[in-house]
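**Student:** Each residue of the sequence shown is one higher than the one before, counting from 2 in our numbering.
Note that CB positions come from ideal geometry on N, CA and C, so glycine has one too.
In this text the structure is predicted, and so the values were computed from the model without any measurement.
Quick one: this structure, given as C-alpha coordinates, is what I'll be asking you about.
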Amino acid sequence: MAAIDATKAFDRVCHVKLFKKLVERNVPHCLIAVLWDWYDKLYAVVIWNGATSRMFPVKCGVRQGGVLSPWLFNIYVDDLIARLEHSRNGCYVGGYFLGCIMYADDLLLLSASVSGLQRMLDICYSYGTDNNITFNHKKSVCVMVGHNRPKSVVHLYLGNMRLEWVDSLKYLGIMFSAGSALSVNMCYIKLTFYMACNGILGYCRSVTEFVKLGLVRAFCLPLLT
(Lines of atoms letter the chains of each structure in order from A; the text may use other names.)
(Lines give C-alpha, C1' and ligand atoms only; values in the text may rest on other atoms or scores of the structure.)
Protein backbone atom coordinates (compact mmCIF):
# COMPACT_ATOMS: atom_id res chain seq x y z
CA MET A 2 0.00 0.00 0.00
CA ALA A 3 1.03 3.60 -0.53
CA ALA A 4 -0.43 6.53 1.38
CA ILE A 5 0.01 9.71 -0.67
CA ASP A 6 -0.42 13.22 0.69
CA ALA A 7 -1.32 16.01 -1.73
CA THR A 8 0.08 19.38 -0.68
CA LYS A 9 -2.70 21.97 -0.23
CA ALA A 10 -4.77 20.15 -2.84
CA PHE A 11 -7.89 22.30 -2.39
CA ASP A 12 -5.84 25.48 -2.85
CA ARG A 13 -4.15 24.25 -6.03
CA VAL A 14 -7.26 23.52 -8.10
CA CYS A 15 -6.74 25.31 -11.41
CA HIS A 16 -9.92 27.19 -12.33
CA VAL A 17 -9.44 26.82 -16.09
CA LYS A 18 -8.94 23.05 -15.85
CA LEU A 19 -11.81 22.74 -13.37
CA PHE A 20 -14.33 24.42 -15.68
CA LYS A 21 -13.04 22.40 -18.62
CA LYS A 22 -13.87 19.24 -16.68
CA LEU A 23 -17.32 20.62 -15.88
CA VAL A 24 -17.95 21.20 -19.58
CA GLU A 25 -16.77 17.68 -20.43
CA ARG A 26 -19.24 16.29 -17.89
CA ASN A 27 -22.11 18.15 -19.59
CA VAL A 28 -22.89 20.28 -16.55
CA PRO A 29 -25.59 22.82 -17.54
CA HIS A 30 -24.01 25.90 -19.06
CA CYS A 31 -26.10 28.22 -16.91
CA LEU A 32 -24.60 26.69 -13.77
CA ILE A 33 -21.08 26.87 -15.20
CA ALA A 34 -21.65 30.53 -16.07
CA VAL A 35 -22.69 31.34 -12.50
CA LEU A 36 -19.68 29.52 -11.04
CA TRP A 37 -17.33 31.17 -13.51
CA ASP A 38 -18.74 34.58 -12.59
CA TRP A 39 -18.09 33.86 -8.90
CA TYR A 40 -14.59 32.52 -9.31
CA ASP A 41 -13.58 35.13 -11.89
CA LYS A 42 -14.12 37.85 -9.29
CA LEU A 43 -11.88 36.39 -6.59
CA TYR A 44 -9.28 38.86 -5.36
CA ALA A 45 -7.01 38.91 -2.33
CA VAL A 46 -4.76 41.33 -0.47
CA VAL A 47 -1.91 40.89 1.98
CA ILE A 48 -1.96 42.85 5.24
CA TRP A 49 1.34 43.13 7.09
CA ASN A 50 2.41 45.50 9.82
CA GLY A 51 -0.50 47.82 9.15
CA ALA A 52 0.16 48.04 5.41
CA THR A 53 -2.13 46.59 2.73
CA SER A 54 -0.89 45.34 -0.63
CA ARG A 55 -2.57 45.85 -3.96
CA MET A 56 -5.36 43.50 -4.90
CA PHE A 57 -4.36 40.53 -7.03
CA PRO A 58 -6.58 37.92 -8.73
CA VAL A 59 -6.89 34.40 -7.36
CA LYS A 60 -6.71 31.88 -10.21
CA CYS A 61 -6.44 28.65 -8.19
CA GLY A 62 -8.27 26.96 -5.37
CA VAL A 63 -11.86 26.37 -4.31
CA ARG A 64 -13.46 28.45 -1.59
CA GLN A 65 -12.74 27.01 1.85
CA GLY A 66 -15.92 26.22 3.73
CA GLY A 67 -18.03 26.52 0.59
CA VAL A 68 -20.89 24.05 0.15
CA LEU A 69 -19.86 23.34 -3.46
CA SER A 70 -16.11 23.10 -2.78
CA PRO A 71 -15.96 19.35 -1.95
CA TRP A 72 -18.18 18.60 -4.97
CA LEU A 73 -15.97 20.64 -7.29
CA PHE A 74 -12.81 19.04 -5.91
CA ASN A 75 -14.25 15.56 -6.41
CA ILE A 76 -14.85 16.34 -10.08
CA TYR A 77 -11.32 17.73 -10.37
CA VAL A 78 -9.68 14.49 -9.13
CA ASP A 79 -12.19 11.94 -10.43
CA ASP A 80 -10.24 11.48 -13.65
CA LEU A 81 -7.27 10.29 -11.59
CA ILE A 82 -9.34 7.46 -10.11
CA ALA A 83 -10.59 6.59 -13.61
CA ARG A 84 -7.03 6.44 -14.95
CA LEU A 85 -5.96 4.13 -12.12
CA GLU A 86 -8.91 1.83 -12.77
CA HIS A 87 -8.40 1.73 -16.53
CA SER A 88 -4.71 0.86 -16.07
CA ARG A 89 -5.81 -2.55 -14.69
CA ASN A 90 -3.32 -2.20 -11.84
CA GLY A 91 -4.22 -2.38 -8.19
CA CYS A 92 -6.49 -4.69 -6.22
CA TYR A 93 -9.80 -6.10 -7.39
CA VAL A 94 -12.39 -7.86 -5.22
CA GLY A 95 -15.23 -9.67 -6.92
CA GLY A 96 -14.46 -7.83 -10.15
CA TYR A 97 -14.68 -4.40 -8.49
CA PHE A 98 -11.71 -2.06 -8.50
CA LEU A 99 -10.53 -1.34 -4.96
CA GLY A 100 -6.99 -0.24 -5.75
CA CYS A 101 -7.66 3.40 -4.90
CA ILE A 102 -9.32 4.75 -1.76
CA MET A 103 -9.62 8.51 -1.70
CA TYR A 104 -11.22 10.82 0.84
CA ALA A 105 -10.74 14.52 0.02
CA ASP A 106 -7.01 14.89 -0.61
CA ASP A 107 -5.94 11.73 1.25
CA LEU A 108 -5.13 8.97 -1.26
CA LEU A 109 -4.46 5.31 -0.50
CA LEU A 110 -3.22 2.95 -3.23
CA LEU A 111 -3.50 -0.83 -2.88
CA SER A 112 -1.70 -3.33 -5.09
CA ALA A 113 -0.91 -7.04 -4.97
CA SER A 114 2.59 -6.41 -6.37
CA VAL A 115 5.34 -3.86 -5.97
CA SER A 116 5.61 -3.34 -9.73
CA GLY A 117 1.87 -2.66 -9.98
CA LEU A 118 2.10 -0.15 -7.16
CA GLN A 119 4.95 1.65 -8.93
CA ARG A 120 2.87 1.95 -12.09
CA MET A 121 0.01 3.43 -10.04
CA LEU A 122 2.42 5.94 -8.48
CA ASP A 123 3.58 6.92 -11.98
CA ILE A 124 -0.04 7.57 -12.98
CA CYS A 125 -0.58 9.75 -9.91
CA TYR A 126 2.56 11.76 -10.59
CA SER A 127 1.65 12.24 -14.26
CA TYR A 128 -1.88 13.37 -13.39
CA GLY A 129 -0.56 15.71 -10.72
CA THR A 130 1.87 17.27 -13.19
CA ASP A 131 -0.93 17.88 -15.70
CA ASN A 132 -3.37 19.26 -13.12
CA ASN A 133 -1.20 21.38 -10.82
CA ILE A 134 -1.25 18.86 -7.95
CA THR A 135 1.95 18.35 -5.98
CA PHE A 136 2.63 15.54 -3.52
CA ASN A 137 4.48 15.77 -0.23
CA HIS A 138 7.06 12.98 -0.24
CA LYS A 139 7.75 13.51 3.48
CA LYS A 140 4.16 12.51 4.30
CA SER A 141 3.86 9.84 1.59
CA VAL A 142 4.89 6.34 2.64
CA CYS A 143 4.62 2.69 1.62
CA VAL A 144 3.76 -0.35 3.75
CA MET A 145 3.70 -4.06 3.03
CA VAL A 146 1.17 -6.45 4.57
CA GLY A 147 1.21 -10.25 4.37
CA HIS A 148 2.70 -13.45 5.72
CA ASN A 149 5.38 -13.69 3.03
CA ARG A 150 6.80 -10.20 3.25
CA PRO A 151 10.40 -10.08 1.97
CA LYS A 152 13.08 -8.68 4.25
CA SER A 153 14.32 -6.33 1.53
CA VAL A 154 12.27 -4.68 -1.19
CA VAL A 155 13.01 -2.28 -4.01
CA HIS A 156 12.43 1.43 -3.51
CA LEU A 157 9.35 3.03 -4.99
CA TYR A 158 9.32 6.52 -6.47
CA LEU A 159 6.73 9.24 -6.89
CA GLY A 160 8.32 11.16 -9.73
CA ASN A 161 11.89 11.70 -8.59
CA MET A 162 10.97 11.37 -4.91
CA ARG A 163 11.76 8.10 -3.16
CA LEU A 164 9.10 6.84 -0.77
CA GLU A 165 10.07 5.21 2.51
CA TRP A 166 8.88 1.78 3.58
CA VAL A 167 7.37 1.96 7.08
CA ASP A 168 5.67 -0.41 9.52
CA SER A 169 2.73 1.87 10.31
CA LEU A 170 0.82 4.67 8.62
CA LYS A 171 -1.78 7.26 9.57
CA TYR A 172 -4.84 7.57 7.36
CA LEU A 173 -7.80 9.82 8.18
CA GLY A 174 -6.55 10.19 11.74
CA ILE A 175 -6.32 6.44 12.36
CA MET A 176 -2.98 4.72 12.90
CA PHE A 177 -2.61 1.36 11.10
CA SER A 178 0.12 -1.16 11.90
CA ALA A 179 1.43 -3.44 9.14
CA GLY A 180 2.62 -7.00 9.61
CA SER A 181 1.31 -10.41 8.66
CA ALA A 182 -2.09 -8.66 8.86
CA LEU A 183 -3.26 -5.06 8.97
CA SER A 184 -4.38 -3.86 12.39
CA VAL A 185 -5.53 -0.63 14.00
CA ASN A 186 -3.28 0.87 16.66
CA MET A 187 -5.81 1.53 19.42
CA CYS A 188 -3.12 2.84 21.80
CA TYR A 189 -2.63 5.88 19.59
CA ILE A 190 -6.38 6.58 19.49
CA LYS A 191 -6.68 6.25 23.29
CA LEU A 192 -3.69 8.54 23.78
CA THR A 193 -5.20 11.31 21.66
CA PHE A 194 -8.51 10.90 23.54
CA TYR A 195 -6.88 11.23 26.96
CA MET A 196 -4.81 14.22 25.81
CA ALA A 197 -7.94 16.00 24.58
CA CYS A 198 -9.82 15.23 27.82
CA ASN A 199 -6.95 16.46 29.97
CA GLY A 200 -6.74 19.65 27.91
CA ILE A 201 -10.44 20.41 28.41
CA LEU A 202 -10.68 19.41 32.08
CA GLY A 203 -7.44 21.19 32.95
CA TYR A 204 -8.51 24.57 31.53
CA CYS A 205 -12.22 24.44 32.36
CA ARG A 206 -12.19 23.90 36.09
CA SER A 207 -14.51 26.82 36.82
CA VAL A 208 -17.36 25.73 34.51
CA THR A 209 -20.20 23.39 35.40
CA GLU A 210 -20.09 19.64 34.92
CA PHE A 211 -22.68 19.86 32.14
CA VAL A 212 -20.46 22.25 30.17
CA LYS A 213 -17.47 19.94 30.65
CA LEU A 214 -19.54 16.98 29.50
CA GLY A 215 -20.65 18.91 26.42
CA LEU A 216 -17.07 19.82 25.53
CA VAL A 217 -15.86 16.25 26.00
CA ARG A 218 -18.74 14.95 23.89
CA ALA A 219 -18.03 17.48 21.11
CA PHE A 220 -14.22 17.37 20.96
CA CYS A 221 -13.07 14.11 22.61
CA LEU A 222 -15.66 11.46 21.86
CA PRO A 223 -15.25 11.76 18.06
CA LEU A 224 -11.60 10.75 18.49
CA LEU A 225 -12.78 7.34 19.70
CA THR A 226 -15.68 6.89 17.31
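Would N90 be called buried (16 or more neighbouring beta carbons within 10 Å of its own) or exposed?
**Tutor:** Position 89 of the sequence shown, counted from the start, is the residue given in the question as residue 90. N90 should be labelled buried.
**Student:** So, is I134 buried or exposed, given that buried needs 16 or more other C-beta atoms within 10 angstroms?
**Tutor:** Counted from its first residue, the sequence shown places residue 134 at position 133. With 16 or more Cβ atoms within 10 Å of its Cβ, I134 is classed as buried.
**Student:** Between which residues of its own chain and T53 is the CB-CB distance below 7 Å, once the five residues before and five after are set aside?
**Tutor:** For this step, residue 53 is matched to residue 52 along the sequence shown. Cβ neighbours of T53 beyond the five flanking positions: V46.
**Student:** Does the beta-carbon of I5 have 16 or more other beta-carbons within 10 angstroms, so that it is buried, or is it exposed?
**Tutor:** Indexing the sequence shown from 1 puts residue 5 at position 4. I5 comes out buried.
**Student:** My output table needs one value for D1: the three-state DSSP class, helix, strand or coil.
**Tutor:** In the structure as shown, the chain begins at 2 and stops at 226. Residue 1 is therefore absent and cannot be evaluated.
**Student:** Does the stretch 157 to 167 come within contact of the stretch 186 to 197, defined as at least 3 CB pairs closer than 8 Å?
**Tutor:** No: the two stretches stay apart, fewer than three of their Cβ pairs being nearer than 8 Å.
**Student:** Report all residues from its chain with a CB closer than 7 Å to the CB of H16; omit the five preceding and five following residues, and keep chain order.
**Tutor:** Indexing the sequence shown from 1 puts residue 16 at position 15. Closer than 7 Å at Cβ, skipping near neighbours: Y40, K60, C61.
**Student:** Name the two residues that bound the continuous beta strand (DSSP E) containing R163.
**Tutor:** For the purposes of this step, residue 163 is taken as residue 162 along the sequence shown, with counting starting at 1. It spans 162 to 166 - the beta strand (DSSP E) in which R163 sits, taken as one unbroken run.
**Student:** DSSP puts F98 in a beta bridge; with which residues?
**Tutor:** Translated into positions along the sequence shown, residue 98 becomes position 97. Its beta-bridge partners are Y93.
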